[in-house]
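K.L.:
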Amino acid sequence: MRKKIVGGFILFLLASNILFPMTMYATTINEAITNQLGSTNISVSVRAIDTGQVVFESNGDIGIKPASTLKLLTAVSSLHVLGEEYRFTTQIYYDGEIKNQVLNGNIYVKGGGDPTLQAENFQTLGNALKRHGITSISGNLYGDDSMFIGPQLTPGIAKHDESYYYAARTSAITMSPDDDYDSGTVLVQVNATSVGKTPIVQIEPNLSGMVILNKALTVSKSEKDTLEISREYNTNQIVISGQIPVGNTSKEWISLQDPTVNTLYAMKNVLKETGISFSTTSKIERKVVPTNATLLYTKKSIPLKKIMVPFLKLSNNNIADILVKTMGKENFGVGSLEHGLQVMNDYGRKLGLQMNEWDFEDGSGMSHNNKVTANQLTNLLYNVRNEPYYSVFYNSLPIGGQPDRLVGGSLRERFSTPNLMNKVVAKTGYISGVYTLSGYFTAKSGKEYAFTILTQNQKTIKLSSIDELVKMFIDQY
2 MRKKIVGGFI LFLLASNILF PMTMYATTIN EAITNQLGST NISVSVRAID
52 TGQVVFESNG DIGIKPASTL KLLTAVSSLH VLGEEYRFTT QIYYDGEIKN
102 QVLNGNIYVK GGGDPTLQAE NFQTLGNALK RHGITSISGN LYGDDSMFIG
152 PQLTPGIAKH DESYYYAART SAITMSPDDD YDSGTVLVQV NATSVGKTPI
202 VQIEPNLSGM VILNKALTVS KSEKDTLEIS REYNTNQIVI SGQIPVGNTS
252 KEWISLQDPT VNTLYAMKNV LKETGISFST TSKIERKVVP TNATLLYTKK
302 SIPLKKIMVP FLKLSNNNIA DILVKTMGKE NFGVGSLEHG LQVMNDYGRK
352 LGLQMNEWDF EDGSGMSHNN KVTANQLTNL LYNVRNEPYY SVFYNSLPIG
402 GQPDRLVGGS LRERFSTPNL MNKVVAKTGY ISGVYTLSGY FTAKSGKEYA
452 FTILTQNQKT IKLSSIDELV KMFIDQY
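So the sequence shown is numbered by our numbering: it starts at 2 and just counts up by one.
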């Protein structure tokens, strides 16, 4: 009998040592959340990867604006629906006849939503035209962007954000100024000249159809830099204003008012540079490729698994919206936002998510009308581990403390101390008043956890508070 009593007492002590510290940890973390983030407008969840159980939550089932952490659902949905090896295509057609190196007809560009299309690809097109014996075009340059339908701007884009890269319009014909694949934008660079003179403005890629209004002034080195670069709302006019000190350079990625038309202008300019001439009456317009046109050239993008890197690590909004519409086209034959969002909802249910706790109207997280719970995001992070694309998804997430932009991404300057570097792999999120973080961390114990921290209606920046909370998770689990 005594042995049974002693044995039972030992078991009680062991259980106490497990339960009491966990309760104490939860109390400490809750106090930290209240002190750092407040007791409302937050949703926090930590889920053990080995069991799938939620080990800590605070308002875990309360819907909060996810900002760019919504891209986690967009990413896994597109990897499942389109596949890791999916490639976007841009096709070039022509009609009419070729005689004496002159195409007595038109060129058609059929867009497939490729966010990786760049000016250098048009040089390849020029070479393809020459191989077909074409050095001059008498007709027009048409763009067929009918793969995507509906508004080019997703809901929730504020008027004051519309001219910037993170609010770029979505078109089936678009191009990027660089390898970040900020499609639907141009890179505007302003270089100071001498005092009292207007600075020099350069645009990449070189576009016709854009109007530059340079009202800026170069000032002495001792004066303040107040330069602003923007596009006037609903126009093709880029405005340079303010002052820039001698020796300074300023850059800004500006969204295009009409990506289809501007891409065609850029293509025409590059073709001219490669020796392809157009008649003086040649026009740039939209037109669906006619059935009697001949396919001349197909450009394929890099595979989706590689596009995932700039998409998630750099939080590329335009890629998100392109993926949504492409999923709609793939599954329903309609490249609309609504059909793409339905695909995401359907796949979420297939993953075992409670989609009644998700409410979203875009794939980027830009809308303030989006809502999701922290528990649902950690549920997603847990459930995707058995999906065939998981390694691609995981390796595309930002890695805390890694300085390379395409490794550390939006976490390259966070969790950078030696004891934290590489321990946090997560997607960041920010829209006005909203700061979020969702991904994985490796605790001191060596165990891996999925976590989500969502905050909204914040009047001050909460990145350091969120990071301190993650550090507590790492230390205490």
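Beta carbons are placed, not taken as given, at the ideal position from N, Cα and C, and that holds for glycine.
As the structure is a prediction and not an experimental result, all values here were calculated from the model.
List the endpoints of the continuous beta strand (DSSP E) containing Glu449.
P.N.:
Translated into positions along the sequence shown, residue 449 becomes position 448. That run of the beta strand (DSSP E) goes Glu449 to Thr456.
K.L.:
How is Lys100 classed by DSSP in three states: helix, strand or coil?
P.N.:
One-based indexing of the sequence shown puts residue 100 at position 99. Looking at Lys100 - three-state DSSP - the assignment turns out to be strand.
K.L.:
Within the segment 101-125, note down every full beta strand (DSSP E) run reaching 3 residues or more, in order along the chain.
P.N.:
DSSP runs (the beta strand (DSSP E)) wholly in the segment 101-125: 103-105 and 108-111.
K.L.:
What would DSSP say about Ser350, mapped onto helix, strand or coil?
P.N.:
In the sequence shown, residue 350 corresponds to position 349, counting from 1. For the sequence presented, residue 350 should be read as Arg rather than Ser. It is helical.
K.L.:
Distance check for Lys225 and Val481, CA to CA, integer angstroms please.
P.N.:
In the structure as shown, the chain starts at 2 and stops at 478, and residue 481 therefore has no counterpart that could be examined.
K.L.:
Assign Val45 to one of two classes, buried (16 or more other C-beta atoms within 10 Å of its C-beta) or exposed (fewer than that).
P.N.:
Start at 1 with the first residue of the sequence shown, and residue 45 comes out as number 44. Looking at its Cβ environment, which holds 16 or more other Cβ atoms inside 10 Å, Val45 is buried.
K.L.:
Within 8 Å (strictly less), CB to CB, does Gly185 reach chain B?
P.N.:
No chain B is present in this structure, which holds just one protein chain.
K.L.:
Assuming Val110 and Leu265 are in contact, meaning their beta carbons sit under 8 Å apart, how far apart are those beta carbons, in whole angstroms?
P.N.:
Residue mapping note: residue 110 aligns to position 109 of the sequence shown, counting from 1. Residue mapping note: residue 265 aligns to position 264 of the sequence shown, counting from 1. At roughly 7 Å, the Cβ-Cβ gap stays under 8 Å, so Val110 and Leu265 are in contact.
K.L.:
Please report the residue range of the alpha helix (DSSP H) in which Ser79 lies.
P.N.:
Sequence index remark: in the sequence shown, residue 79 carries index 78 (1-based). Ser79 -> alpha helix (DSSP H) spans Lys72 to Val82.
K.L.:
Taking the beta strand (DSSP E) that Gly334 belongs to, which residues open and close that run?
P.N.:
Here residue 334 refers to the residue found at position 333 of the sequence shown. Run containing Gly334: none; DSSP gives neither H nor E here.
K.L.:
Could you check whether Phe89 and Ser302 sit closer than 8 Å to each other, using their CB atoms as the reference points?
P.N.:
As a working mapping, residue 302 is identified with position 301 in the sequence shown. As a working mapping, residue 89 is identified with position 88 in the sequence shown. Contact flag set, yes.
K.L.:
In angstroms with no decimal places, state the Cα-to-Cα distance between Val189 and Ile285.
P.N.:
For the purposes of this step, residue 189 is identified with residue 188 of the sequence shown, where counting begins at 1. For the purposes of this step, residue 285 is identified with residue 284 of the sequence shown, where counting begins at 1. Near 23 Å, if we compare the C-alpha coordinates of Ile285 and Val189.
K.L.:
Excluding the five sequence neighbours on either side, which residues of its own chain have a C-beta within less than 7 Å of the C-beta of Val408, listed in chain order?
P.N.:
Locating residue 408 in the sequence shown gives position 407, counting from the first residue. Cβ within range, chain order: Ile400.
K.L.:
Measure the Cβ-Cβ separation of Thr429 and Leu412 and say whether it is below 8 Å.
P.N.:
What you label residue 429 is simply residue 428 of the sequence shown in a count that begins at 1. What you label residue 412 is simply residue 411 of the sequence shown in a count that begins at 1. In this structure, Leu412 lies closer than 8 Å to Thr429 by Cβ.
K.L.:
Look up Leu272 in the DSSP assignment and say whether it is helix, strand or coil.
P.N.:
Position 271 of the sequence shown holds residue 272. Note: Leu272 maps to helix in three-state DSSP.
K.L.:
To which residues does DSSP link Ile230 through a beta bridge?
P.N.:
Position 229 of the sequence shown, counting from 1, holds the residue named residue 230. Bridge partners of Ile230: Ile241.
K.L.:
Considering only residues of the same chain and omitting the five flanking positions on each side of Asp322, which have a CB-CB separation below 7 Å?
P.N.:
Reading the sequence shown from its first residue, position 321 is the one you call residue 322. These residues qualify, in order along the chain: Thr155, Thr171, Asp363, Gly364 and Ser365.
K.L.:
What are the boundary residues of the beta strand (DSSP E) that includes Val55?
P.N.:
The residue given as residue 55 occupies position 54 in the sequence shown. From DSSP, the beta strand (DSSP E) with Val55 extends over Val55 to Ser59.
K.L.:
Alpha carbon to alpha carbon, what distance is there between Leu104 and Thr282?
P.N.:
Mapped onto the sequence shown, residue 282 falls at position 281. Mapped onto the sequence shown, residue 104 falls at position 103. Roughly 14 Å between the two C-alpha positions.
K.L.:
Mapping the DSSP letters down to three states, classify Leu464 as helix, strand or coil.
P.N.:
For this step, residue 464 is matched to residue 463 along the sequence shown. In the structure shown, Leu464 sits in a helix (DSSP, three-state: H, G or I).
K.L.:
Quick check on the burial criterion: 16 or more other C-beta atoms within 10 angstroms. Buried or exposed for Gln258?
P.N.:
One-based indexing of the sequence shown puts residue 258 at position 257. Classification of Gln258: buried, given that the 10 Å Cβ count is 16 or more.
K.L.:
Out of Gly329, Asn141, Pro152 and Tyr165, point me to the one whose CA is closest to Tyr94's CA.
P.N.:
For the purposes of this step, residue 94 is taken as the residue at position 93 of the sequence shown. Cα-wise, what sits closest to Tyr94 is Asn141.
K.L.:
Do the segment 339-354 and the segment 313-331 touch if we need at least three Cβ pairs shorter than 8 Å?
P.N.:
Touching, yes, given that three or more Cβ pairs across the two stretches are closer than 8 Å.
K.L.:
Taking the alpha-carbon positions, what's the Asp180 to Leu80 distance?
P.N.:
Locating residue 180 in the sequence shown gives position 179, counting from the first residue. Locating residue 80 in the sequence shown gives position 79, counting from the first residue. C-alpha separation (whole angstroms): 21 Å.
K.L.:
Does the pairing of the segment 240-256 with the segment 302-313 give three or more beta-carbon distances under 8 Å?
P.N.:
Touching, no.
K.L.:
Quick one: give me the first and last residue of the beta strand (DSSP E) that Val435 is part of.
P.N.:
Along the sequence shown, read from residue 1 onward, the residue named residue 435 stands at position 434. Val435 -> beta strand (DSSP E) spans Val435 to Thr443.
K.L.:
If I'm right that Ile229 touches Ser242 with Cβ under 8 Å, what's the distance once you round it to whole angstroms?
P.N.:
Taking the first residue of the sequence shown as 1, we reach residue 229 at position 228. Taking the first residue of the sequence shown as 1, we reach residue 242 at position 241. For the record, residue 229 in the displayed sequence is Glu; it is not Ile. Indeed they touch by this definition, with Cβ atoms about 5 Å apart.
K.L.:
Determine the closest residue to Val55 out of Asn458, Ser465 and Tyr450, with distance taken between C-alpha atoms.
P.N.:
For the purposes of this step, residue 55 is taken as residue 54 along the sequence shown, with counting starting at 1. Checked all of Asn458, Ser465 and Tyr450; the closest Cα to Val55 is Tyr450.
K.L.:
Span of the beta strand (DSSP E) holding Thr379?
P.N.:
The residue labelled residue 379 in the question sits at position 378 within the sequence shown. It is not in any beta strand (DSSP E) - Thr379 instead sits in the alpha helix (DSSP H) that spans Ala375 to Asn384.
K.L.:
What is the DSSP secondary structure of Phe474, reduced to helix, strand or coil?
P.N.:
Position 473 of the sequence shown, counting from 1, holds the residue named residue 474. Helix, per DSSP.
K.L.:
In the structure shown, what three-state DSSP assignment does Arg48 receive?
P.N.:
One-based indexing of the sequence shown puts residue 48 at position 47. Note: Arg48 maps to strand in three-state DSSP.
K.L.:
Could you compute how far the alpha carbon of Pro22 sits from the alpha carbon of Thr117?
P.N.:
Taking the sequence shown and counting its residues from 1, the one referred to as residue 22 is at position 21. Taking the sequence shown and counting its residues from 1, the one referred to as residue 117 is at position 116. Caution applies to Pro22, whose pLDDT of 46 falls short of 50 and renders its modelled position unreliable; the value that the coordinates give is listed next. C-alpha separation (whole angstroms): 51 Å.
K.L.:
When the distance is taken between beta carbons, is Ala427 closer than 8 Å to Phe474?
P.N.:
Here residue 474 refers to the residue found at position 473 when the sequence shown is read from its first residue. Here residue 427 refers to the residue found at position 426 when the sequence shown is read from its first residue. No, they are not a contact pair.
K.L.:
For Pro67, count neighbouring Cβ atoms within 10 angstroms of its own Cβ and tell me buried if that reaches 16, exposed if not.
P.N.:
As a working note, residue 67 is residue 66 in the sequence shown. By the neighbour-count rule (16 or more Cβ atoms within 10 Å), Pro67 is buried.
K.L.:
On the DSSP letters alone, give me the boundaries of the beta strand (DSSP E) that Asn370 sits inside.
P.N.:
As a working note, residue 370 is residue 369 in the sequence shown. Taken as a continuous stretch (DSSP letters only), Asn370 belongs to no beta strand (DSSP E), as it is neither H nor E.
K.L.:
Could you tell me which of Ile108, Lys252 and Gly84 sits nearest to Glu331, measuring between CA atoms?
P.N.:
In the sequence shown, counting from the first residue as 1, residue 331 sits at position 330. Here the closest residue by C-alpha is Gly84.
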